[in-house]
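Encoded as structure tokens, the structure appears first; notes follow it.
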Amino acid sequence: MVNSRTKPKIYVRKAKSSDKEAVFNFCRKTWSWGDYIPKVWDKWLKEKNSIVFVATINKVPVGISHLTIDKPSEVWLSGARTDPNYRRMGVATAITKKCLKYAQVKGAKIARLVTESNNKAAQRVLQKLGFQPITEFVEAKTENITKEVSENSRWAEVKDINSAWAYLQNSEVYRESAGLYTVLFHWYSLEKEDLEKFVKQRKVILHENSKGVDGLVLIDNASSREWREKSLQTCYIDGDYTAALDMLKFLENHCYTIGIQKIYAFTCNYKPIVKALDKLGFEIDEPTDIVYAKKLV
């Protein structure tokens, strides 16, 4: 630890395997249960489309951040951590600037990240760096999965892609979501080719009325693979209260049929959808997730 009155020199470099012990030490008490960094560290260092940066003071690791290149023009920042003994010294700012410079060199046009709505310190740093909040997502979950009956929901088919995409282009929820969906706390832009991929993997639930598509849900089983449990997550929910409620009933019945024990629901903080989740007994988590973005051109 350095004297709080001094302004230590901060160096930022690519992470090395030998940084592991020091990094794990200052990540140990991130949350009451610990941190996920030790579980993903080795994977992060091996991934082709990502990089981990480490900030050092006097050659000692005091902060980290992980950058993923999702698409040629987009990067995602995650896993930002600072040693509690070195906070308010510019560590987070230095690492983030390094990430943004790296992203620009790689040709990215936009950088995004997420922070919790109650993390005011992180939000102040982000705004100083030119990031702006673009959407707010709610997390919810349920383990009370029962047999349900839906009326106007079904699995989307390839023939539905154009109509589903046309629906999204005029959707208030899509605008409120900043055109993003999430998988395991990682937000991605939802473009037509992404929708097509979800449909072909049978991961899109459609809701229809007499005029056509009026709602959809994207799902994924990444939570089951990552956390070794029988679970599914919603990546994106779109529709009014009636459509959302019906699609969630369809999803719950599907989970009941195949033995899924837990559903994690992620959605833009859109009141009709949150109300539908509450109606079905989902536990709505606090705080919410605020996604920030910064244009790099």
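Note that our numbering has the sequence shown beginning at 39, numbered continuously upward.
Think of the CB as a built atom: it goes at the ideal place given N, C-alpha and C, for glycine as much as any other residue.
Model, not experiment: these values are computed from the prediction.
For Asp252 against Ala281, the beta-carbon gap comes to about 5 Å, under 8 Å, which counts as contact. Put simply, of Glu267, Ser248 and Thr305 the residue whose alpha carbon is nearest the alpha carbon of Asp276 is Thr305.
Straight through space, the alpha carbons of Val335 and Ser248 are spaced by roughly 44 Å.
Within the same chain, Phe175, Cys273 and Phe304 come within 7 Å of Thr220 by CB-CB distance, once the 5 residues on both sides are set aside. Put simply, the stretch 104-120 touches the stretch 136-146. At least three CB pairs are less than 8 Å apart. Non-local C-beta neighbours of Lys230 in its own chain, meaning closer than 6 Å and more than five positions away in sequence, comprise Trp203, ordered along the chain. Taking C-beta atoms as the reference points, Ile243 and Ser191 count as a pair closer than 7 Å. In chain order, Asp284 place their CB closer than 8 Å to the CB of Glu189, counting only its own chain and leaving out the 5 sequence neighbours on each side.
For Asn307, there is no enclosing beta strand (DSSP E), since its DSSP letter is neither H nor E.
Assigned with DSSP and collapsed to three states, Trp193 falls in strand.
Here Ile296 is exposed. Its C-beta has fewer than 16 other C-beta atoms within 10 Å. Taken through DSSP and simplified to helix, strand or coil, Ala149 comes out as strand.
Inter-segment contact for the stretch 150-168 and the stretch 115-128 is present: three or more beta-carbon pairs are separated by less than 8 Å. Per DSSP, the unbroken beta strand (DSSP E) holding Ile243 starts and ends at Val242 to Asn247.
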